[in-house]
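Visitor:
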């Protein structure tokens with residue numbers, strides 16, 4: 001059974017809570033649709049896929065994201081880095097002759113995984129948005145820092161930066177202090193400087209102590225904490241990377257914080273509009289399969 | 001108004017949720033009592049103190065702990081380090097001629113505070129449990145690492161190690177993996193080794209990735225996470241300290257984890273039974289006031 005996708009197909013970026021469908025004809029996106037049918041709200045994947053074909057056209061389909069995880073339709077094994085478009089295409093999980101799931105990418109030591117981000121990162125290269133040799137950042141709940149060499153993913157690190165910030169903001173000692181706005185100003189930069197120490201558990205208690213000693217207003221505490229977390233993450237990654245420039249795939253708000261942190265730490269940062277990246281990646285995979 | 005305490009008085013170790021009363025006669029503890037009247041469950045402190053005197057004797061009183069915080073009776077200002085018994089005695093917050101609250105201790109750069117721990121740490125010196133020049137550790141929700149020189153607290157660092165572990169165990173991505181037992185075995189030591197990298201946000205995601213890649217059983221994940229947090233904390237503190245021996249004031253279970261981490265990192269660790277430390281400290285303060 002060989003999956004043949006080609007240049008005319010339905011691509012689905014199928015996440016945990018949402019999905020987006022792209023109708024691709026002759027290598028170009030002609031229509032998109034978005035709905036709330038993420039993998040956690042779908043029980044019958046064959047029926048769901050049939051419904052998509054009924055709505056958008058009876059075409060081959062390429063599915064990416066959490067649909068290929070153990071909470072999705074079927075687990076698509078990870079492809080080991082280094083991995084580019086060709087390796088993803090070769091590693092497709094074939095459901096039937098016209099339907100396939102894009103694999104995630106893994107590294108073994110230290111253990112790390114991605115699922116969904118790989119299409120966007122490699123698509124950004126395909127679209128000419130980032131160089132073939134680069135450090136690419138995808139901020140978020142679990143921030144990915146991806147090393148690209150020769151247009152392939154050669155390694156990456158995931159940091160729970162966004163999740164830790166959300167936990168601290170919602171639960172525990174510091175929650176009451178962290179209600180303020182986060183902007184890349186002085187308090188954020190002071191947090192990035194503190195983050196350089198890479199001593200997170202102690203630096204976090206310092207937020208409490210600074211309040212008790214009257215050293216920082218709580219209006220600035222959230223920005224400081226964000227800077228601390230993002231700064232610690234960025235400092236660790238820049239120390240390890242061959243690159244001192246980071247290409248940041250994100251919206252301007254969150255992306256702007258990463259730009260500020262990388263620049264404060266002496267690196268160069270480019271904020272990349274990532275809207276075209278997923279489709280460029282999935283079209284390239286379709287062409288290779 | 002001068003507070004005179006002397007060697008016969010009531011000492012109260014008055015925390016957030018519990019308090020312990022020590023009846024001290026001629027410098028010796030003759031009776032103790034414990035109840036659930038922590039500061040968060042007391043509205044009328046004068047009445048509560050009067051009731052303690054009615055029950056245990058109409059004596060001078062020294063109160064320590066959260067009773068002197070902004071959620072307690074009245075905020076007792078912090079004494080700046082370096083601080084020993086004499087500085088705490090000189091900094092007592094005098095409520096009336098027979099009642100005083102022991103101040104906390106602060107350091108300014110980087111900001112840090114303690115309130116309650118100072119009596120135990122300095123009492124451990126008074127009791128001969130730890131040397132006058134030493135690194136003393138009080139593990140817990142907010143772990144204190146205290147530098148002693150000449151029998152005085154010269155500096156300290158608080159790490160939110162225990163709180164972070166509790167947050168991760170209860171909320172978020174890793175919670176489902178972290179239900180296992182924590183013992184100082186191989187998985188704990190592997191966590192300490194990972195903690196050396198001082199890259200917490202990334203190391204935490206590695207716990208998830210190791211599961212997805214089949215590299216570690218979830219039965220070991222909690223011990224690994226505990227080792228990661230304690231190891232990162234201990235590595236940062238040992239790197240900064242003049243000492244390579246740590247005196248750990250804790251129960252054998254939690255204290256045993258810190259012993260294992262410090263020893264794995266090449267330091268020497270002594271587990272100290274801290275029961276006598278608080279009373280030795282508060283008796284010394286009474287003698288000085």
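Chains as they are written, first to last, in the UniProt record's numbering: chain A, 1 to 289; chain B, 1 to 289. Every residue gets a Cβ at the ideal spot worked out from N, C-alpha and C, and that includes glycine.
Strictly under 9 Å for the Cβ-Cβ distance: is residue 84 of chain B near chain A by that measure?
Guide: Counting from one through the second chain, the residue named residue 84 of chain B turns up at place 84. Not one chain A Cβ lies under 9 Å of residue 84 of chain B.
Visitor: Return the CA-CA distance between residue 205 of chain A and residue 159 of chain B, expressed in angstroms with no decimal places.
Guide: Translated into positions along the first chain, residue 205 of chain A becomes position 205. Translated into positions along the second chain, residue 159 of chain B becomes position 159. Distance between the alpha carbons of residue 205 of chain A and residue 159 of chain B: 6 Å.
Visitor: Quick one: grab the DSSP three-state call for residue 125 of chain B.
Guide: Here residue 125 of chain B is taken as the residue at index 125 of the second chain, counted from 1. Here residue 125 of chain B sits in helix by DSSP.
Visitor: Helix, strand or coil for residue 106 of chain A? Go by DSSP, reduced to three states.
Guide: Position 106 of the first chain holds residue 106 of chain A. In the structure shown, residue 106 of chain A sits in a strand (DSSP, three-state: E or B).
Visitor: When every heavy atom of the ligand ADP is checked, does at least one fall within less than 8 Å of the C-beta of residue 240 of chain A?
Guide: With respect to the ligand ADP, the structure offers nothing, as it holds no ligand at all.
Visitor: For residue 247 of chain A, report the span of its beta strand (DSSP E) as first-last.
Guide: Within the first chain, the letter at position 247 stands for residue 247 of chain A. Note, residue 247 of chain A: beta strand (DSSP E), 245-249.
Visitor: Pick from B:224, B:286, B:154: whose alpha carbon is nearest that of residue 107 of chain B?
Guide: Along the second chain, read from residue 1 onward, the residue named residue 107 of chain B stands at position 107. The option with the nearest alpha carbon to residue 107 of chain B is B:154.
Visitor: Would a C-beta distance cut-off of 9 Å place residue 92 of chain A and residue 60 of chain A closer than the cut-off?
Guide: Counting from 1 along the first chain, the entry for residue 92 of chain A is found at position 92. Counting from 1 along the first chain, the entry for residue 60 of chain A is found at position 60. Their beta carbons are not under 9 Å apart, which means residue 92 of chain A does not touch residue 60 of chain A by this criterion.
Visitor: Using the C-alpha atoms, what's the distance from residue 231 of chain A back to residue 191 of chain B?
Guide: Taking the first residue of the second chain as 1, we reach residue 191 of chain B at position 191. Taking the first residue of the first chain as 1, we reach residue 231 of chain A at position 231. For residue 191 of chain B and residue 231 of chain A, the distance between alpha carbons rounds to 23 Å.
Visitor: For residue 112 of chain A, count the other beta carbons within 10 Å of its own beta carbon; 16 or more makes it buried, fewer makes it exposed. Which is it?
Guide: Counting from one through the first chain, the residue named residue 112 of chain A turns up at place 112. The residue is buried, with at least 16 neighbouring Cβ atoms inside 10 Å.
Visitor: At a Cβ threshold of 9 Å, is residue 110 of chain A touching chain B?
Guide: Taking the first residue of the first chain as 1, we reach residue 110 of chain A at position 110. Yes, residue 110 of chain A lies at the interface with chain B (some Cβ there is under 9 Å from its Cβ).
Visitor: Buried or exposed: where does residue 26 of chain A fall if 16 or more other Cβ atoms within 10 Å of its Cβ makes it buried?
Guide: Counted from its first residue, the first chain places residue 26 of chain A at position 26. It is exposed - the Cβ of residue 26 of chain A has fewer than 16 other Cβ atoms within 10 Å.
Visitor: Can you tell which of B:83, B:236, B:174, B:275 has the C-alpha that lies nearest to the C-alpha of residue 262 of chain B?
Guide: Position 262 of the second chain, counting from 1, holds the residue named residue 262 of chain B. It is B:236.
Visitor: Can you name the residues of chain B whose CB is closer than 7 Å to the CB of residue 199 of chain A?
Guide: As a working mapping, residue 199 of chain A is identified with position 199 in the first chain. Result: 198, 236.
Visitor: Would a check of beta-carbon distances place residue 215 of chain A closer than 9 Å to chain B?
Guide: The residue labelled residue 215 of chain A in the question sits at position 215 within the first chain. So, interface residue.
Visitor: If we ignore side chains and look at the alpha-carbon of each, how far apart do residue 56 of chain A and residue 208 of chain B end up?
Guide: Taking the first residue of the first chain as position 1, residue 56 of chain A is located at position 56. Taking the first residue of the second chain as position 1, residue 208 of chain B is located at position 208. Approximately 36 Å between the Cα atoms of the pair.
Visitor: With H, G and I counted as helix, E and B as strand and the rest as coil, what does DSSP make of residue 31 of chain A?
Guide: Numbered from 1 along the first chain, position 31 holds the residue referred to as residue 31 of chain A. In this structure, residue 31 of chain A counts as strand in the three-state DSSP scheme.
Visitor: Using a cut-off of 7 Å between C-beta atoms, extract the partners of residue 39 of chain B located in chain A.
Guide: Counting from 1 along the second chain, the entry for residue 39 of chain B is found at position 39. None at all; the shortest Cβ gap to chain A is about 16 Å.
Visitor: Taking the C-alpha atoms as reference points, what is the distance between residue 347 of chain B and residue 145 of chain B?
Guide: Any property of residue 347 of chain B remains undetermined from this structure, which presents chain B solely from 1 to 289.
Visitor: Using DSSP bridges, identify the partner residues of residue 270 of chain A.
Guide: Here the question's residue 270 of chain A lines up with position 270 in the first chain. Partner(s): A:247.
Visitor: If you measure between the beta carbons of residue 225 of chain B and residue 165 of chain B, is that distance less than 9 Å?
Guide: As a working note, residue 225 of chain B is residue 225 in the second chain. As a working note, residue 165 of chain B is residue 165 in the second chain. Yes, Cβ-Cβ distance for residue 225 of chain B and residue 165 of chain B is below 9 Å.
Visitor: On the three-state DSSP scale, how would you describe residue 160 of chain A?
Guide: As a position in the first chain, residue 160 of chain A is number 160, starting the count at 1. Looking at residue 160 of chain A - three-state DSSP - the assignment turns out to be coil, as it is neither helix nor strand.
Visitor: In the DSSP assignment, find the unbroken beta strand (DSSP E) run with residue 65 of chain B in it and report its ends.
Guide: Here residue 65 of chain B corresponds to residue number 65 of the second chain, with the count starting at 1. Run containing residue 65 of chain B: 61-65, per the beta strand (DSSP E) assignment.
Visitor: Which same chain residues end up closer than 7 Å to residue 136 of chain B when comparing Cβ atoms and leaving out the 5 residues on each side of it in sequence?
Guide: On the second chain, position 136 is the one that residue 136 of chain B refers to. These residues qualify, in order along the chain: 121, 124, 130, 146, 148, 247, 249.
Visitor: Please look up how many angstroms separate the CB atoms of residue 116 of chain B and residue 64 of chain B, rounded, as I've assumed it's under 8 Å.
Guide: Translated into positions along the second chain, residue 116 of chain B becomes position 116. Translated into positions along the second chain, residue 64 of chain B becomes position 64. So it is a contact: roughly 6 Å between Cβ atoms.
Visitor: Return helix, strand or coil for residue 39 of chain A, following the three-state DSSP convention.
Guide: Along the first chain, one-based indexing puts residue 39 of chain A at 39. Residue 39 of chain A falls in the helix class under three-state DSSP.
Visitor: Mind listing which residues of the stretch 116-143 of chain B have their C-beta closer than 7 Å to chain A's C-betas, in chain order?
Guide: So the close ones are 142.
Visitor: Run through the DSSP bridge pairs and tell me what residue 297 of chain B is partnered with.
Guide: Since the first residue of chain B shown is 1 and the last is 289, residue 297 of chain B is not available in this structure.
Visitor: On a Cα-Cα basis, can you pick out the residue from A:201, A:16, A:273, A:162 that is closest to residue 157 of chain B?
Guide: As a position in the second chain, residue 157 of chain B is number 157, starting the count at 1. Taking only the C-alpha atoms, the option nearest residue 157 of chain B is A:201.
Visitor: From the DSSP secondary-structure annotation, give me the bridge partner or partners of residue 113 of chain A.
Guide: By one-based count along the first chain, residue 113 of chain A stands at place 113. Per DSSP, A:106.
Visitor: Taking 6 Å as the limit between beta carbons, can you name the residues of its chain near residue 33 of chain A, skipping five residues before and five after?
Guide: If you number the first chain from 1, residue 33 of chain A lands on position 33. Excluding residues within five positions, the ones whose Cβ falls inside 6 Å are 21.
Visitor: Check whether the Cβ atoms of residue 76 of chain B and residue 102 of chain B lie closer than 9 Å to each other.
Guide: Counting from 1 along the second chain, the entry for residue 76 of chain B is found at position 76. Counting from 1 along the second chain, the entry for residue 102 of chain B is found at position 102. In this structure, residue 102 of chain B lies closer than 9 Å to residue 76 of chain B by Cβ.
Visitor: Cα separation between residue 184 of chain A and residue 138 of chain A?
Guide: Stepping through the first chain from its first residue, residue 184 of chain A is reached at position 184. Stepping through the first chain from its first residue, residue 138 of chain A is reached at position 138. The straight-line gap from Cα to Cα measures roughly 18 Å.
Visitor: Can you tell me whether residue 48 of chain B is helix, strand or coil according to DSSP?
Guide: Here residue 48 of chain B corresponds to residue number 48 of the second chain, with the count starting at 1. Helix.
Visitor: Would residue 19 of chain A be called buried (16 or more neighbouring beta carbons within 10 Å of its own) or exposed?
Guide: The residue labelled residue 19 of chain A in the question sits at position 19 within the first chain. Burial call: buried.
Visitor: Residue 157 of chain B touches chain A at which residues, Cβ-Cβ below 7 Å?
Guide: Numbered from 1 along the second chain, position 157 holds the residue referred to as residue 157 of chain B. Those within 7 Å of residue 157 of chain B in chain A are 202.
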